[in-house]
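Since the structure comes first, as structure tokens, the remarks are kept for the end.
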Amino acid sequence: MDQLKLIVSGYDHYEGIDVNPSQIVAQTLAQAGLPPADSSQEQDDPLEGLDLNIRAVSLPISFGKAWPILHEAIEDFQPNIVISTGLKRTARGVAMERCAVNLKDANQAAQSSEDRPATHREPIDPQGPAAYWTRLPLRAILQAFAHHNIAATLSSDAGTYVCNAVFYSLLNWTTDHPNVLAGFVSLPPVVEAKANSTENHGLPIAQQIQAGEDVVREAVRYYRRPSSGDMLIA
1 MDQLKLIVSG
11 YDHYEGIDVN
21 PSQIVAQTLA
31 QAGLPPADSS
41 QEQDDPLEGL
51 DLNIRAVSLP
61 ISFGKAWPIL
71 HEAIEDFQPN
81 IVISTGLKRT
91 ARGVAMERCA
101 VNLKDANQAA
111 QSSEDRPATH
121 REPIDPQGPA
131 AYWTRLPLRA
141 ILQAFAHHNI
151 AATLSSDAGT
161 YVCNAVFYSL
171 LNWTTDHPNV
181 LAGFVSLPPV
191 VEAKANSTEN
201 HGLPIAQQIQ
211 AGEDVVREAV
221 RYYRRPSSGD
231 MLIA
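Counting with UniProt numbering, you get residues 1 to 234 for the letters of the sequence shown.
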């Protein structure tokens, strides 16, 4: 049986947020694993004949601490796939991040002195490229979301705060580890009943867990059988 290792990271606390989807989704995937594929889907199950080991990693919202903790977990676990998640408070659905930009903005309530750069806006890596593209199969993931009626969108980038800094550092790390797939998923706030109002933001936690399962399943499918048709970054 083939073996595959996967890390899903989330954040341990968001100020003013009682139910943190990034933490819940990561922990649920690690503890419960993935259920059998939906029999109504035409594609075969990429998990068939696979021993999939998922580890959850919880990160602080800190420029100085988040990436080092994730990096340490990656070096220890040696995963084939890394999926980082965070919360996007204004999102109505799941946002698949296409790009990590080489910029951090500490003008957003930095929590400690180590999170306050010399200027409010400065590069994450002064020697690095302006941006990196995700390595996840976005087209295939969005198709899976549509099958499960999960509201979702493509997002141009993950902003300029800690989520983006982790995403950028992760993709920068993959330049020396080209066989590792990695990307970032922004989750919306948790609401237990989707209102009819177009002003309502968020999704029920059950749908967000399903979204996490879809991301993992399609990332595994792409890892085992790469196809350029699964990609969508423009």
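Don't be surprised by glycine CBs; every beta carbon is placed ideally from N, CA and C. As the structure is a prediction and not an experimental result, all values here were calculated from the model.
Keeping to the same chain, check which residues put their C-beta closer than 7 Å to that of residue i; ignore five residues upstream and five downstream.
i	result
F141	Looking at the sequence shown, residue 141 is not Phe but Ile. If we look at I141 and ignore the five residues flanking it on each side, its Cβ neighbours are M96, D214, V215, E218.
Considering only DSSP beta bridges, list what residue i is partnered with.
i	result
G86	S186
D2	L50
S227	Paired residues: none, contrary to the question.
I81	L6, L181
V101	A131
A206	Looking at the DSSP assignment, A206 forms no beta bridge with any residue, so it has no partner.
What would DSSP say about residue i, mapped onto helix, strand or coil?
i	result
N20	coil
Y11	strand
N214	The residue asked about is misnamed: residue 214 is Asp in this sequence, not Asn. It is helical.
A91	coil
A219	helix
E114	Note that E114 scores a pLDDT of 49, beneath 50, so its modelled location is shaky; the value from the coordinates is reported in the next line. It is helical.
L29	helix
Please name the residue in the options whose C-alpha comes closest to that of residue i.
i	options	result
H201	R225, W173, A152, P79	A152
L170	F184, T28, T160, G159	F184
Q31	D176, V57, G93, F167	V57
E122	H13, S186, L59, V162	V162
T90	R225, V191, Y222	V191
N102	A130, A211, G93	A130
Y132	L138, F167, T160, A144	F167
Suppose the cutoff is 6 Å on Cβ atoms and the five residues either side in sequence are ignored; what does the same chain contact list for residue i look like?
i	result
L6	I54, P79, I81
D38	none
Q208	P21, V25, L187
Could you pull out every unbroken beta strand (DSSP E) segment of at least 3 residues lying fully inside the stretch 124–170, listed in chain order?
-> 131–133, 152–155
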